[in-house]
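Position in the sequence shown (first residue = 1) + 266 = the numbering used here.
Using N, Cα and C, we set each Cβ at its ideal position, and we do this for glycine too.
Just so it is clear, the structure is predicted and the values come from calculations on it, not from any experiment.
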Amino acid sequence: MRPHTRWMAVASGWGVLLFAAGVTRAVAQESHIGSVTGHAPAGRPLYERYCAGCHGDDGDARGENAQWIDPRPRDFTMAVFKCRSTPTGTRPTDDDLFNAMTRGFVTTNMPPWVALTPQGRADMVAYIKTFSPK
Numbered sequence: 267m268r269p270h271t272r273w274m275a276v277a278s279g280w281g282v283l284l285f286a287a288g289v290t291r292a293v294a295q296e297s298h299i300g301s302v303t304g305h306a307p308a309g310r311p312l313y314e315r316y317c318a319g320c321h322g323d324d325g326d327a328r329g330e331n332a333q334w335i336d337p338r339p340r341d342f343t344m345a346v347f348k349c350r351s352t353p354t355g356t357r358p359t360d361d362d363l364f365n366a367m368t369r370g371f372v373t374t375n376m377p378p379w380v381a382l383t384p385q386g387r388a389d390m391v392a393y394i395k396t397f398s399p400k
């Protein structure tokens, strides 16, 4: 195999792997809240607009406003949530995340997002779930 051909094969292989890794993060991730099904790809632009400023683009609680918020925003990559109906160490249900987003938290800077449609909130729940492998 010629050096140029070998380089192209290696580069193509890495390209496929990196593409697959990026696609699997948001593909087929859904949330189910009552009769509403949320879809991660639809939730991404909403998350970027309403959540990333505090929770960060990658859900790691490193948004541009996070340094001024007390208590710190939730780090979604850790999949550790205070308000949930599930046992410690497990992910919250879709309803738990949906309700937290809908109601907000009075003692924090997390506002209630009731102005967003239920579909929009369900889509954001699906997208938030992509940040953690748990």
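Of the residues the options, the one placed nearest residue i, counting alpha carbons only
{"i": "Arg350", "options": "Thr343, Asp341 and Leu363", "result": "Leu363"}
{"i": "Cys320", "options": "Gly304, Pro384, Ile394 and Met376", "result": "Met376"}
{"i": "Asn365", "options": "Gly386, Ala308, Asp341 and Asp323", "result": "Gly386"}
{"i": "Val346", "options": "Gln333, Ala332, Asn331 and Gly325", "result": "Gly325"}
{"i": "Thr383", "options": "Gly304, Asp323 and Trp334", "result": "Gly304"}
DSSP-derived helix/strand/coil call for residue i
{"i": "Thr373", "result": "coil"}
{"i": "Gly322", "result": "coil"}
{"i": "Glu330", "result": "coil"}
{"i": "Ile394", "result": "helix"}
{"i": "Asp362", "result": "helix"}
Anticipated Cβ contact below 8 Å, residue i with residue j, distance rounded
{"i": "Met390", "j": "Tyr313", "result": "5 Å"}
{"i": "Ala392", "j": "Gly309", "result": "5 Å"}
{"i": "Ala332", "j": "Arg338", "result": "6 Å"}
Outcome for residue i when other beta-carbon atoms lying within 10 angstroms are tallied against a minimum of 16
{"i": "Trp379", "result": "buried"}
{"i": "Asp360", "result": "buried"}
{"i": "Gly322", "result": "buried"}
Residue i - partner residues in DSSP beta bridges
{"i": "Glu296", "result": "His305"}
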